[in-house]
Amino acid sequence: MSAQEVAERMAQLRREYRAKLPLELQQLQALGRDFAAAGAIETEAVLRELEHRLHKLSGSGASFGLPLLSQHTRVLEQRIAGWLVSGAAAQVAHSERQQLLQALQRLPVLLAP
């Protein structure tokens with residue numbers, strides 16, 4: 071494969087990645103709403119799913135030319151990891167749940183070229 075073909079393929083992969091992002095961010099926001107409203111039993115499962123998806127975005131965002139998305143999702147991922155590691159996921163305050171939801175709702179702004 072020539073350098074030009076590699077560059078064209080990477081450009082195509084970036085376009086495909088960006089095309090999928092709005093749906094992924096909507097799904098993250100839905101999980102954030104679930105977390106904001108979750109009872110103690112559901113909280114940990116929702117947080118684990120959020121952490122997993124944010125981890126994937128933080129890595130792929132940097133790889134596909136979206137360093138701000140990568141940085142912001144890494145911060146959110148680490149916040150959630152802290153709650154999970156401490157065993158305090160079910161005791162996260164309502165205000166912190168709302169802050170996380172608001173941060174997830176702001177992620178689409180980071181997709182602007």
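Residue numbers 71 to 183, in this note's numbering, belong to the letters of the sequence shown in order.
Don't be surprised by glycine CBs; every beta carbon is placed ideally from N, CA and C.
The structure presented is a predicted model; accordingly, all values stated were derived computationally and were not measured.
From the options, residue whose alpha carbon lies closest to that of residue i
| i | options | result |
| --- | --- | --- |
| A107 | A163, L180 and T143 | A163 |
| Y87 | G109, L136 and A77 | L136 |
| H122 | G109, R144 and A132 | R144 |
| L138 | A182, A151, R79 and E166 | A182 |
Residue i versus residue j: straight-line alpha-carbon distance, rounded
| i | j | result |
| --- | --- | --- |
| A115 | L180 | 27 Å |
| E75 | A81 | 10 Å |
| S140 | K126 | 9 Å |
| R149 | S72 | 43 Å |
| G131 | G109 | 31 Å |
| Q99 | R85 | 22 Å |
| S54 | A77 | In this structure the chain extends from 71 to 183, so residue 54 is not present and cannot be described. |
| A89 | E166 | 30 Å |
Residue i and residue j closer than 8 Å at C-beta
| i | j | result |
| --- | --- | --- |
| L101 | L120 | yes |
| E112 | S128 | no |
| L117 | F105 | yes |
Same chain only: Cβ atoms within 8 Å of residue i, ignoring 5 sequence neighbours per side
| i | result |
| --- | --- |
| R103 | L171 |
| W153 | L117, A159 and V162 |
Other residues of its chain near residue i: CB distance less than 7 Å, five sequence neighbours each side excluded
| i | result |
| --- | --- |
| H142 | L177 and L180 |
| Q168 | A106 |
| L91 | L181 |
Contact between the segment 95-102 and the segment 168-176 (3+ Cβ pairs under 8 Å)
Yes: the two stretches touch, three or more of their Cβ pairs being nearer than 8 Å.
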